[in-house]
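For the protein sequence lines, the chains are A and B, in the order given. Going by my numbering, 220 is the number at position 220 of the first sequence; the sequence numbering is gapless. Going by my numbering, 372 is the number at position 5 of the second sequence; the sequence numbering is gapless. First comes the structure, then the notes that go with it.
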Amino acid sequence: MPELMKTPLNAAHRALNAKMVDFGGWDMPVQYPAGILAEHEAVRTRAGLFDVSHMGEIRVKGPGALALVEHLTPNAVSQLAIGQIHYTAFLYENGTFVDDLLVYREGEEEFLLVVNAGNCDKDFAWVQTHAPAFDCTVVNESPATGQIALQGPRSLAILQPLTQTPLEPIGYYWFTHGEVAGIKCLISRTGYTGEDGFELYCAAADAPRVWDTVMAAGTPQGLLPAGLGCRNTLRLECKMALYGHEIDDTIQALEAGLGWIVKLDKGPFIGRDALLAAKAAPAARKLVGFKTLEKRDIARDHMPVVKDGAPVGFVTSGAPSPTCGINLGLAYVPTDQAVLGGRIQIEIRGRAVEAEIIRTPFYKRAK
Amino acid sequence: MFPADLLYTKDHEWIRAAGDGTAVVGITHYAQEALGDVVFVDLPEVGATIGQGEEFGTVESVKTVSELNLPAAGEVLAVNETLADHPEAVNEDPYGAGWMVKVRLSGGLDGLLDPTAYAALVSAESH
C-alpha cells in the first residue's frame, strides 16, 4: 500500500490525539477526543476548526482563462465579480460529474478552482487536456497550499481580532486577501457546514501557525478542533453534495437537484447538449431527503430503496442527525415516488423499513 | 483497558462468566473507540437462543454500524434496557454500565482470548 499523504497539519492532529483514518489516500482526522457529536454541536452553536488542506487548488490564468473555465463548467463564470465565488462542477459530455468545485475569481483573467482531494489529479488532468485551445496557464497549487476552515456562529468573533481585514463586509461566497496572525491568507466566507464561517488558504508551511493561532484564540470561546466525521454529518443536514455519494460519473447534474448551477443559456460548455436533452425529457429518478420512522433504523450509504421487494433506487448518504435528532438520509428514487410526505422503503440488513420523504435542507441556520 | 476477569473475541466483544452458568457480554474499549459516539444498540429478545459467534444485535454509531456476535452459546436472560435511552454508556463505561446482554451459557468458553492475547491483537490492529 502506498504511504498516505499528509497535510501540513498532520503533527498538530496527532498532538491533539485525533483518530486518524485513510481518507482517499490522505491521513486525516476523523475525530478528536471530544467525538463527532460534540464536534458537530460545537460547529452549530459555537465554532469548529477543520483541516481541509487535502482539498485541491488549481489556478488558471491568462487572456483565455475566463473562456476555459466557462467551457469546463456549467455555471456562468462571466457573471462572477472579482472577489466572488460560486459553486459549480466539471461535467463530462454526457452531463455526469467529473467533480464539483468552487470557482474563485481572482482577477479579470485569473481563477482559482478548488476541487475535491480525491479527484485533484483527475481534475488537473481534465483541465490540462482542455487548456491548449485557450491562451492561459494551468498550475496545480495543491501541494503548496494549506487550507483551514473555521466554521460556526462564533467564527467572526474569533477571527476578527487576528486580522486587520474587516471581516463583517465580506459577503457569503465572497473573498479577499489579507493577513491572519501576520500570515498572508486568502480569506473566504464559505464552508461545508451550513454555518457562517471562513476558509483560510495560506502557504502550506504557514498552515501550522494559522491553525495554532486560531485554536488558541478560539478555545476560550468554545472552539473545538473538528474532524471529517462531523464534517459529513454537518454537510448532510444541509444537503450539500459529496462526490462519490450524491454525485459521480453515473449521475447527471439535473438528477442531483443541481439545476441551479447549470446556466444553459450562457453559451456552449462541456455537457450542455446532454443537459438540454435531459431537460426536455422528464428525469427517471430524483434525489430526495428522507427520515426513517424508527429510532433503530439508520440508513447508510449504498443501501437499496425497494418497492415490493425489488430495488428501485439507493441511499447516497445516511446518518443519525445530531442537530435534528432523527435518522436522515438522501436517496435516488423513481420520480413518481419523489413526493414530499410520501413513503419509501429502504432495505437495512435484509429488512425493508419505512421512511418518509421530507423537505430539504434538513437544517437551515437562522439568519 | 483489558480487565483481567474477562475473555475476549477477535471481533472485540467481551464476556464475563459469573461462575453460576451465566455470563454478561459487551464490547471492548477498543471497539467503542473505533465506533465513535454510539447512538443506538439493537438487542435481542429475552429468551432468544443464540449460538457461539452468532449475531445477537447491532451497534450503531454516528458514522457506522457494527454487528454484535455472542462470544459463547447461550439463552438471553436479560438485555441492558438503559441503553435505549443512554447508548453513550457504551462509550463511557464499556465494561460496566455499557454491558449489553446477560446469558445462560449452554456451551463452553472455547476459542476465546485471554487479556494478554487480546491486548496483543489490539496492538497488532492499531499499528
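Even glycine gets a Cβ: it sits at the ideal position worked out from N, Cα and C. Since the model is a prediction, treat every value here as computed from it, not as a measurement.
> Who are the Cβ neighbours of Pro208 of chain A in its own chain at under 7 Å, not counting the five residues just before and after it?
Replying inline: For the purposes of this step, residue 208 of chain A is identified with residue 208 of the first sequence, where counting begins at 1. For Pro208 of chain A, where only same-chain residues beyond five positions count, the Cβ hits under 7 Å are Pro8, Leu9 and Ala12.
> Which bits of chain B does Leu37 of chain A rub up against, with CB to CB less than 7 Å?
Replying inline: The sequence position of residue 37 of chain A within the first sequence is 37, counting from 1. Chain B residues near Leu37 of chain A: Asp404 and Val429.
> Unbroken alpha helix (DSSP H) runs of length 4 or more, entirely within the segment 188–264 of chain A: which are they?
Replying inline: Runs of the alpha helix (DSSP H) spanning 4 or more residues and lying entirely within the segment 188–264 of chain A occur at 207–218 and 228–237, in chain order.
> Considering only residues of the same chain and omitting the five flanking positions on each side of Pro63 of chain A, which have a CB-CB separation below 8 Å?
Replying inline: Working through the first sequence from its first residue, we reach residue 63 of chain A at position 63. The residues Glu109, Asp135 and Cys136, in chain order, have a CB closer than 8 Å to that of Pro63 of chain A in the same chain once the five nearest residues on each side in sequence are set aside.
> How should Met303 of chain A be labelled, buried or exposed, when 16 other C-beta atoms within 10 angstroms of its C-beta is the threshold for buried?
Replying inline: Against the first sequence, residue 303 of chain A aligns to sequence position 303. That one is buried.
>> What are the residues in the segment 46–72 of chain A lying within 9 Å of chain B by C-beta distance?
In response: Result list empty, no residue passes.
>> Considering only the alpha carbon of each residue, which of A:Arg272, A:Asn140, A:Leu80 and A:Leu258 lies closest to Lys286 of chain A?
In response: Taking the first sequence and counting its residues from 1, one reaches residue 286 of chain A at position 286. Looking only at A:Arg272, A:Asn140, A:Leu80 and A:Leu258, the smallest Cα-Cα distance to Lys286 of chain A is reached by A:Leu258.
> Since Asp409 of chain B meets chain A, which of its residues come closer than 8 Å, beta carbon to beta carbon?
Replying inline: For the purposes of this step, residue 409 of chain B is taken as residue 42 along the second sequence, with counting starting at 1. Chain order gives the chain A residues near Asp409 of chain B as Arg296, where near means a beta carbon separation below 8 Å.
>> Within 10 Å of its beta-carbon, does Glu57 of chain A have 16 or more other beta-carbons around it, so buried, or fewer, so exposed?
In response: Within the first sequence, the letter at position 57 stands for residue 57 of chain A. The residue is buried, with at least 16 neighbouring Cβ atoms inside 10 Å.
> Residues in its own chain within less than 6 Å of Gln31 of chain A by CB, not counting five upstream and five downstream?
Replying inline: Residue mapping note: residue 31 of chain A aligns to position 31 of the first sequence, counting from 1. Close CB contacts of Gln31 of chain A within its chain, under the 6 Å cut and outside five residues either way in sequence, are with Lys19, Gly227 and Gly229 (chain order).
> How about Ala205 of chain A and Pro143 of chain A: are their beta carbons less than 8 Å apart?
Replying inline: Along the first sequence, one-based indexing puts residue 205 of chain A at 205. Along the first sequence, one-based indexing puts residue 143 of chain A at 143. No.
> Taking 8 Å as the CB-CB limit, is Arg300 of chain A close to chain B?
Replying inline: Counting from 1 along the first sequence, the entry for residue 300 of chain A is found at position 300. Answer yes: the Cβ-Cβ gap between Arg300 of chain A and chain B drops below 8 Å somewhere.
> Does the distance from the C-beta atom of Leu186 of chain A to that of Phe175 of chain A stay below 8 Å?
Replying inline: To locate residue 186 of chain A, count along the first sequence from 1; it is residue 186. To locate residue 175 of chain A, count along the first sequence from 1; it is residue 175. With contacts defined by Cβ atoms closer than 8 Å, Leu186 of chain A and Phe175 of chain A form a contacting pair.
> Could you give the residue range of the alpha helix (DSSP H) that holds Leu68 of chain A?
Replying inline: Position 68 of the first sequence, counting from 1, holds the residue named residue 68 of chain A. Element bounds for Leu68 of chain A: Ala65 to Leu72.
>> Quick check on the burial criterion: 16 or more other C-beta atoms within 10 angstroms. Buried or exposed for Gly35 of chain A?
In response: Position 35 of the first sequence holds residue 35 of chain A. The residue in question, Gly35 of chain A, is buried, as its Cβ has 16 or more Cβ neighbours within 10 Å.
>> Checking 8 Å against the spacing of the C-beta atoms, do Tyr192 of chain A and Arg231 of chain A come in under that value?
In response: Position 192 of the first sequence, counting from 1, holds the residue named residue 192 of chain A. Position 231 of the first sequence, counting from 1, holds the residue named residue 231 of chain A. Yes, they are a contact pair.
> chain A partners of Val443 of chain B, CB-CB under 7 Å?
Replying inline: For the purposes of this step, residue 443 of chain B is taken as the residue at position 76 of the second sequence. Neighbours of Val443 of chain B in chain A, taken as residues whose beta carbon is under 7 Å from its own, are absent, since the nearest beta carbon is some 17 Å off.
>> So, with DSSP's three-state summary, where would you put Gly56 of chain A?
In response: Here residue 56 of chain A refers to the residue found at position 56 when the first sequence is read from its first residue. Note: Gly56 of chain A maps to strand in three-state DSSP.
> Excluding five sequence neighbours on each side, which residues of the same chain lie with their C-beta closer than 7 Å to the C-beta of Leu112 of chain A?
Replying inline: As a first step, residue 112 of chain A is located in the first sequence; it is residue number 112 there, counting from the start. Glu57, Arg59, Tyr104 and Glu106.
> Could one say the Cβ of Gln31 of chain A lies closer than 8 Å to chain B's Cβ atoms, at least one of them?
Replying inline: Numbered from its first residue, the first sequence carries residue 31 of chain A at position 31. By this cut-off, Gln31 of chain A is an interface position.
>> Based on DSSP bridge pairs, tell me the residues matched to His396 of chain B.
In response: Against the second sequence, residue 396 of chain B aligns to sequence position 29. Its beta-bridge partners do not exist; DSSP assigns none.
>> Against chain A, does Glu432 of chain B count as a neighbour if the rule is that its beta carbon must be under 8 Å from one of theirs?
In response: In the second sequence, counting from the first residue as 1, residue 432 of chain B sits at position 65. Checking the displayed sequence, the identity of residue 432 of chain B turns out to be Val instead of Glu. It does: the Cβ of Val432 of chain B has a partner Cβ on chain A nearer than 8 Å.
> Does Pro225 of chain A have its Cβ less than 8 Å from a Cβ in chain B?
Replying inline: Indexing the first sequence from 1 puts residue 225 of chain A at position 225. Output row for Pro225 of chain A: interface = no.
> Who pairs with His177 of chain A in a beta bridge, going by DSSP?
Replying inline: As a position in the first sequence, residue 177 of chain A is number 177, starting the count at 1. A:Leu186, per the DSSP bridge assignment.
>> Going by DSSP in three states, Thr335 of chain A sits in which element: helix, strand or coil?
In response: Within the first sequence, numbered from 1, the residue matching residue 335 of chain A stands at position 335. In the three-state reduction of the DSSP assignment, Thr335 of chain A falls in the helix class, which pools H, G and I.
>> Assess contact between the segment 260–270 of chain A and the segment 299–314 of chain A, defined as three or more Cβ pairs (one per stretch) separated by less than 8 Å. Is contact present?
In response: With the cut-off at 8 Å, the segment 260–270 of chain A and the segment 299–314 of chain A do not touch.
> Leu112 of chain A by DSSP, collapsed to three states: which one?
Replying inline: By one-based count along the first sequence, residue 112 of chain A stands at place 112. Three-state result, Leu112 of chain A: strand.
> From the beta carbon of Ala229 of chain A, is the nearest beta carbon of chain B less than 8 Å away?
Replying inline: Indexing the first sequence from 1 puts residue 229 of chain A at position 229. Sequence inspection shows Gly at residue 229 of chain A; the Ala mentioned does not correspond to that position. Judged by the 8 Å Cβ criterion, Gly229 of chain A is in contact with chain B.
> Can you check whether the CB of His130 of chain A is closer than 8 Å to the CB of Leu66 of chain A?
Replying inline: Position 66 of the first sequence, counted from the first residue, corresponds to residue 66 of chain A. Position 130 of the first sequence, counted from the first residue, corresponds to residue 130 of chain A. Taking 8 Å as the Cβ cut-off, Leu66 of chain A and His130 of chain A do not qualify as a contacting pair.
>> By alpha-carbon positions, which one of B:Gly418, B:Lys430 and B:Gly414 ends up nearest to Leu402 of chain B?
In response: Position 35 of the second sequence holds residue 402 of chain B. Between Leu402 of chain B and the set B:Gly418, B:Lys430 and B:Gly414, the nearest pair of CA atoms involves B:Lys430.
> From Ala42 of chain A to Leu236 of chain A, what distance separates their C-alpha atoms?
Replying inline: What you label residue 42 of chain A is simply residue 42 of the first sequence in a count that begins at 1. What you label residue 236 of chain A is simply residue 236 of the first sequence in a count that begins at 1. In this structure, the straight-line span from the alpha carbon of Ala42 of chain A to that of Leu236 of chain A is close to 16 Å.
>> For the structure I just gave you, are there three or more beta carbon pairs, one from the segment 120–129 of chain A and one from the segment 84–98 of chain A, closer than 8 Å?
In response: Output reads yes: the segment 84–98 of chain A touches the segment 120–129 of chain A.
> Using the beta-carbon count (16 or more within 10 Å), is Ser53 of chain A buried or exposed?
Replying inline: In the first sequence, residue 53 of chain A corresponds to position 53, counting from 1. Ser53 of chain A is buried by the Cβ-count criterion.
> Is there at least one Cβ from chain B nearer than 8 Å to Ala42 of chain A's Cβ?
Replying inline: Numbered from its first residue, the first sequence carries residue 42 of chain A at position 42. Not an interface residue.
> Helix or strand or just coil, what does DSSP make of His86 of chain A?
Replying inline: The residue given as residue 86 of chain A occupies position 86 in the first sequence. It is a strand residue.
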